[in-house]
Amino acid sequence: MGVIRILSLILLCLTSALSHAEQINVAVASNFTAPMKAIVKAFEEKSEHRIKLSFGSSGKLFAQITHGAPFALFFSADQTKPKILEEKGLTVPGSRFTYATGALALWSADPTFLDDTASRLQHGDFKKLALANPKLAPYGVAAHEVLEYYSLLKTTRAKWVQGENISQTYQFISTANAELGFVAVSQIMQQGAIKTGSSWLIPREVYSPIKQDAALLLHGKHSPAAKALLQFFHSAQAIDILESYGYITTP
Amino acid sequence: MIFSDSDIAAIWLTLRLATTVTLVLLIIGTPIAWWLARTKSWLKGPIGALVALPLVLPPTVLGFYLLIAMGPQGVLGQFTTSLGLGTLPFTFWGLVVASVFYSMPFVVQPIQNAMEALGDRPLEAAATLRAGPIDRFFSIVLPLAKPGFITAAILGFAHTVGEFGIVLMIGGNIPGETRVVSVQIYDHVEALEYAQAHLLAGVMIAFSFTVLLGLYWFQRKSPLLVLK
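Taken in sequence, the protein lines are chains W and Z.
The opening position of the first sequence corresponds to residue 219 in this note's numbering, with each subsequent residue numbered one higher.
The opening position of the second sequence corresponds to residue 174 in this note's numbering, with each subsequent residue numbered one higher.
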């Protein structure tokens with residue numbers, strides 16, 4: 219009898235622990251990998267909940283979600299995909315929000331190539347210019363707008379090399395296959411300073427805000443962990459982390 | 174027309190790439206296969222393993238290292254720059270070089286197998302009739318190993334058509350230059366243009382099925398060719 223009593227006590231403890239601490243799967247656009255890991259680390263230090271992150275391109279994650287992937291939350295690299303999911307009735311209505319606004323930089327792996335102005339770009343003094351595919355990546359759309367603003371679309375087009383996403387664009391430049399290109403500030407900034415190479419931090423008024431939206435998915439509708447993580451995104455600590463990676467948090 | 178202009182450009186580019194790669198591989202793969210089939214050197218193992226290596230490495234990994242090697246600071250990049258060719262990534266010929274590496278085992282191995290199956294006797298017989306090495310190669314080896322060459326050409330071609338990871342890494346998505354069908358399908362899916370993706374993928378499946386069907390049909394017939 220004693221053994222059964224102890225076993226049932228253990229079982230009771232386990233189930234009650236489970237109801238407090240929950241484990242959820244969260245889908246995250248790969249361009250947000252580093253800041254998301256930092257935010258989840260900070261979150262888990264304070265919470266009993268455990269977050270399992272799955273990184274991928276927004277398009278792939280979108281396809282997986284529409285086909286029943288067990289994600290509680292979706293952090294997209296754009297605004298379109300969470301919106302379409304909402305229209306399809308796959309998100310909890312009213313849960314969609316902008317979790318980060320990205321900033322764009324022109325970057326070169328060569329520490330002397332850029333001088334924090336548009337001059338190198340305007341003089342056309344380079345062989346290859348890398349940018350993310352505007353059809354697929356919001357940072358590509360922003361790069362397109364910058365080139366348009368300076369009337370450089372036509373003159374530079376023959377020099378374009380396009381990455382499928384912003385990480386690949388970064389690779390093209392970091393391996394010096396393209397002398398310069400448009401990347402996310404979050405890729406080249408750490409603790410508020412540029413890590414390597416040289417850059418031009420592009421004025422914000424030259425391109426439309428690169429807003430990244432997240433949404434609570436139907437799968438996470440009754441999940442306390444998902445709600446707690448969403449709440450944490452509005453905390454001062456999360457905002458500090460976002461800013462240290464060069465994201466814009468003020469409207 | 175159901176296909177967009179960029180879809181058609183991607184199809185043409187893919188066919189051009191696969192044809193070029195197959196021809197290059199038949200030219201450089203044949204001597205490699207011949208050496209591997211005939212040599213008694215201890216280097217046979219290492220060289221054979223090197224040729225087969227792309228079977229193991231994930232294409233994006235291979236592509237990433239090719240991007241580094243072919244870049245301005247890479248060994249290959251410095252070599253091509255010194256020849257006045259510039260660097261290879263983001264060009265059609267860059268894709269050709271990468272695909273030659275990637276599809277090499279699919280071309281070398283069938284040819285090597287066919288040559289090994291020949292054995293020494295036909296060549297020794299030809300030698301007693303005073304046929305020189307070059308004569309022996311063209312009048313004995315090539316005709317008898319023909320099924321191996323045809324299998325090699327089909328596999329090399331089909332494998333290049335299906336290539337994705339490497340092109341993604343070193344292509345730079347330039348229309349008419351590096352944007353091949355597989356990348357175009359990927360772009361359609363990422364842009365949520367599923368109808369166009371399905372259509373293009375359907376064409377690719379129909380094409381691959383036909384090629385492989387042709388290959389198996391040919392292989393069933395090939396023993397007769399060898400006997401002739």
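Glycine residues also receive a C-beta, built at the ideal position from the N, C-alpha and C atoms.
Since the model is a prediction, treat every value here as computed from it, not as a measurement.
Could you pull the DSSP bridge partners for residue i from this structure?
i, result
"R268 of chain W", "W:Q241"
"T309 of chain W", "W:L435"
"Q430 of chain W", "W:A318"
"V269 of chain Z", "DSSP lists no partner for V269 of chain Z."
State the start and end residues of the unbroken alpha helix (DSSP H) segment that holds residue i.
i, result
"S404 of chain W", "V403 to I406"
"A318 of chain W", "It is not in any alpha helix (DSSP H) - A318 of chain W instead sits in the beta strand (DSSP E) that spans F315 to G320."
"A336 of chain W", "Careful: A336 of chain W lies outside any alpha helix (DSSP H) and carries neither H nor E."
"F450 of chain W", "P442 to F450"
"W185 of chain Z", "D178 to R211"
"A215 of chain W", "For residue 215 of chain W there is no data in the structure shown, the boundaries of chain W being 219 and 469."
"L296 of chain Z", "R294 to T301"
"Y357 of chain W", "P356 to Y367"
"Y238 of chain Z", "P232 to M243"
"Y388 of chain W", "I384 to S392"
According to the Cβ coordinates, are residue i and residue j closer than 8 Å?
i, j, result
"A242 of chain Z", "G236 of chain Z", "no"
"P356 of chain W", "D296 of chain W", "yes"
"L317 of chain Z", "L291 of chain Z", "yes"
"T251 of chain W", "F273 of chain W", "yes"
"K345 of chain W", "K377 of chain W", "yes"
"A206 of chain Z", "V281 of chain Z", "yes"
"A191 of chain Z", "F330 of chain Z", "yes"
"N346 of chain Z", "V362 of chain Z", "no"
"S294 of chain W", "S276 of chain W", "yes"
When you compare only the Cα positions, how much space is there between residue i and residue j?
i, j, result
"I428 of chain W", "G464 of chain W", "12 Å"
"L240 of chain Z", "F391 of chain Z", "38 Å"
"A235 of chain W", "S441 of chain W", "Confidence at A235 of chain W is low in this model, with a pLDDT of 49, below 50, so the placement of that residue is unreliable and no value is reported for it."
"I339 of chain Z", "A299 of chain Z", "44 Å"
"K401 of chain Z", "S312 of chain Z", "Because the pLDDT of K401 of chain Z is 34, which lies under 50, any placement of that residue in the model is unreliable, and the question is left without a value."
"I343 of chain Z", "A239 of chain W", "45 Å"
"G247 of chain Z", "A379 of chain Z", "39 Å"
"T383 of chain Z", "L447 of chain W", "51 Å"
"A361 of chain W", "L373 of chain Z", "29 Å"
"G321 of chain Z", "G259 of chain Z", "36 Å"
"N249 of chain W", "I384 of chain W", "7 Å"
"A411 of chain W", "L419 of chain W", "11 Å"
"T254 of chain Z", "L261 of chain Z", "9 Å"
"S369 of chain W", "Q340 of chain W", "9 Å"
"L186 of chain Z", "E366 of chain W", "29 Å"
"S404 of chain W", "A321 of chain W", "8 Å"
"L398 of chain Z", "L230 of chain Z", "With a pLDDT of 45 at L398 of chain Z, under the threshold of 50, the modelled position of that residue is not reliable, and the figure given next carries that caveat. Distance between the alpha carbons of L398 of chain Z and L230 of chain Z is about 35 Å."
"G375 of chain Z", "I307 of chain Z", "45 Å"
"V470 of chain W", "A183 of chain Z", "Outside the displayed range of chain W (219 to 469) lies residue 470 of chain W, so it cannot be described from this structure."
"F451 of chain W", "S426 of chain W", "23 Å"
"L460 of chain W", "P227 of chain Z", "40 Å"
"M288 of chain Z", "Y389 of chain Z", "20 Å"
"I466 of chain W", "G202 of chain Z", "54 Å"
How is the beta strand (DSSP E) around residue i delimited, first residue to last?
i, result
"W378 of chain W", "W378 to G381"
"S355 of chain Z", "No beta strand (DSSP E) holds S355 of chain Z; the alpha helix (DSSP H) holding it covers V354 to E363."
"F292 of chain W", "L291 to F293"
"L419 of chain W", "S416 to L419"
Counting only Cβ-Cβ distances shorter than 9 Å, please list the residues of the segment 274-300 of chain W near chain Z, keeping chain order. S275, S276, G277, K278, F280, A281, T298 and K299
Give me the subset of the segment 362-394 of chain W whose CB atoms are less than 8 Å from a CB atom of chain Z, sorted by chain position. W378, V379, Q380, G381, E382, Q386, Q389, F390, T393 and A394
Closer than 7 Å between beta carbons: that is the criterion. Which residues of the segment 195-226 of chain Z meet it against chain W? none
Proximal residues, the segment 237-255 of chain Z versus chain W, C-beta separation under 9 Å: The residues in question are F237, L240, I241, M243, G244, P245, Q246, G247 and G250.
When Cβ atoms are compared, which residues of the segment 332-344 of chain Z fall closer than 9 Å to chain W? Against chain W - using a Cβ distance shorter than 9 Å - the residues of the segment 332-344 of chain Z are L341, M342, I343 and G344.
Check each residue of the segment 332-359 of chain W: if its Cβ is closer than 7 Å to any Cβ of chain Z, include it; give the result in chain order. K346, N351, K353 and L354
If the cut-off is 7 Å on Cβ atoms, which residues from the segment 362-383 of chain Z count as contacting chain W, listed in chain order? V362, E363, A364 and L365
Quick one: which residues of the segment 263-275 of chain Z get their C-beta closer than 9 Å to a C-beta of chain W? List them in chain order. F263
Determine which residues of the segment 178-196 of chain Z have a Cβ less than 9 Å from any Cβ of chain W, and write them out in chain order. none
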